[in-house]
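Below: one structure, written as structure tokens.
In our numbering, the protein residues as written are 17 to 213.
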């Protein structure tokens with residue numbers, strides 16, 4: 017599988033590092049608007065094809081999949097464009113800034129017959145999988161209430177990186193880290209419809 021990574025900041029580099037450990041996976045292209053980050057990716061990981069415009073990366077006919085590891089507000093357009101170009105997509109969380117955008121991402125995945133995975137990684141932790149198995153197999157009854165919480169102490173709103181700017185991050189800590197707690201609670205409870213929020 018030939019993969020391109022869009023976004024070469026800290027999480028993008030984690031994706032590249034981990035992808036390079038997988039047999040049969042070759043990271044052949046990377047994209048970032050910061051040429052300094054691209055230089056690091058080339059030197060540290062040996063990625064030769066580098067782009068500053070993601071359209072150039074997703075339009076490559078030799079790529080099978082794309083990782084979108086950019087600021088949140090870019091997830092939707094980049095993911096949809098990659099799907100339209102026939103690429104499977106792993107998109108970092110949160111998938112997008114609005115429910116409409118998330119639906120359109122899902123619809124594009126179906127329309128173009130490509131896989132779309134959102135990076136909600138807590139589901140894959142051994143402790144989470146053990147708890148899910150316990151809920152499903154031990155017979156504790158149907159979960160009817162969940163409480164999720166998370167604490168994050170980093171960044172001052174409006175200062176620093178894009179994480180602290182609402183226009184780029186979306187909605188602060190809820191979108192950034194709270195999405196993991198909510199997803200895990202929803203996943204553990206199974207298919208349900210909220211009656212009250």
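For each residue, glycine too, the CB sits at the ideal point set by N, CA and C. Being a predicted model, the structure only gives us computed values, none of them experimental.
**Request:** Let me know the secondary structure DSSP gives residue 41 once reduced to three states.
**Result:** Coil, per DSSP.
**Message:** Assuming residue 148 and residue 204 are in contact, meaning their beta carbons sit under 8 Å apart, how far apart are those beta carbons, in whole angstroms?
**Reply:** At roughly 6 Å, the Cβ-Cβ gap stays under 8 Å, so residue 148 and residue 204 are in contact.
**Item:** Element boundaries [alpha helix (DSSP H), containing residue 106]
**Value:** For residue 106, there is no enclosing alpha helix (DSSP H); the enclosing beta strand (DSSP E) covers residues 104-108.
**Prompt:** What does DSSP give as the partner residues of residue 65 in its beta bridges?
**Reply:** Residue pairing of residue 65 in beta bridges, as defined by DSSP: 45.
**Asked** In this structure, what does DSSP give as the bridge partners for residue 20?
**Response** Among the bridge pairs identified by DSSP, residue 20 is matched with 45 and 82.
**Message:** Since residue 215 and residue 31 should fall inside the 8 Å C-beta cutoff, what is the C-beta to C-beta distance between them, to a whole number of angstroms?
**Reply:** This structure does not reach residue 215, given that the chain is present from 17 up to 213, and the question cannot be answered.
**Item:** Sub-9 Å separation of residue 130 and residue 91 beta-carbons
**Value:** Contact check for residue 130 against residue 91 fails: the beta carbons are separated by 9 Å or more.
**Asked** Who are the Cβ neighbours of residue 70 in its own chain at under 6 Å, not counting the five residues just before and after it?
**Response** Cβ within range, chain order: 22, 47 and 94.
**Request:** Examine the Cβ distances between the segment 135-142 and the segment 96-115 and report whether three or more of them are shorter than 8 Å.
**Result:** The segment 135-142 makes contact with the segment 96-115, as at least three CB pairs between them are under 8 Å.
**Message:** Under 8 Å, with one C-beta from each stretch per pair, do the segment 190-206 and the segment 153-166 reach the 3-pair mark?
**Reply:** Between the segment 190-206 and the segment 153-166 there are three or more C-beta pairs closer than 8 Å, enough to call the two in contact.
**Request:** Please name the residue, chosen from 75, 52, 113 and 201, that lies closest to residue 191 on a Cα-to-Cα basis.
**Result:** It is 113.
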